[in-house]
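S.K.: Sending over a structure as structure tokens; questions will come in a sec.
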Amino acid sequence: TVHRDGRTFEGPQGLKTILLEDQDEFQRVFVENIFSYAMARQITFQDRETLELLHEQASDNGFRLRDILLTIVASDCFTER
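Here our numbering runs 87 ahead of the position in the sequence shown, where the first position is 1.
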């Protein structure tokens, strides 16, 4: 299988290796996708500050999905939509 950056990998172990090498990017994209899904819209430039804070809080909490979702639904972006 070929990763989007051209690196090749084989099977779940190969994917795990690539994800661990790019852990920060994976975590940022994960948080962005959860945020986009929760907001039921695409991410905009105005969301960048919120996403940065969300990523920092998620990092502090070990990127637990429950904590990410609770932070999103408590955010101004979510409550004021």
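Ideal Cβ positions, reconstructed from N, Cα and C, are used throughout, including at glycine.
Predicted, not measured: the structure shown is a model, and the values here were computed from it.
If you measure between the beta carbons of I105 and R94, is that distance less than 8 Å?
M.R.: Yes, the Cβ-Cβ distance between I105 and R94 is below 8 Å.
S.K.: T137 and S162 look like a contact to me (Cβ under 8 Å); what is the Cβ gap, rounded to whole Å?
M.R.: Right, the Cβ-Cβ distance comes to about 6 Å (below 8 Å), so this counts as a contact.
S.K.: Which residues in the same chain as H219 place their Cβ atom closer than 8 Å to its Cβ, once the five residues preceding and following it in sequence are excluded?
M.R.: With the chain running from 88 to 168 in the structure shown, residue 219 is simply not present.
S.K.: For L141 and T158, which I take to be in contact (beta-carbon distance under 8 Å), what is that distance rounded to the nearest angstrom?
M.R.: That pair is a contact at about 6 Å.
S.K.: Out of L107, A125 and T88, which one is the CA nearest neighbour of G98?
M.R.: Minimum Cα distance to G98 is reached at T88.
S.K.: Answer with yes or no whether the minimum CB distance from Q144 to chain D is below 8 Å.
M.R.: In the structure shown, chain D cannot be found, because there is only a single protein chain.
S.K.: State the Cα-Cα distance for the pair E139 and F122, rounded to the nearest angstrom.
M.R.: Those two C-alpha atoms are separated by around 11 Å.
S.K.: Starting from V160, follow its DSSP beta bridges and name the residues at the other end.
M.R.: According to DSSP, which records beta bridges pairwise, V160 is partnered with nothing at all.
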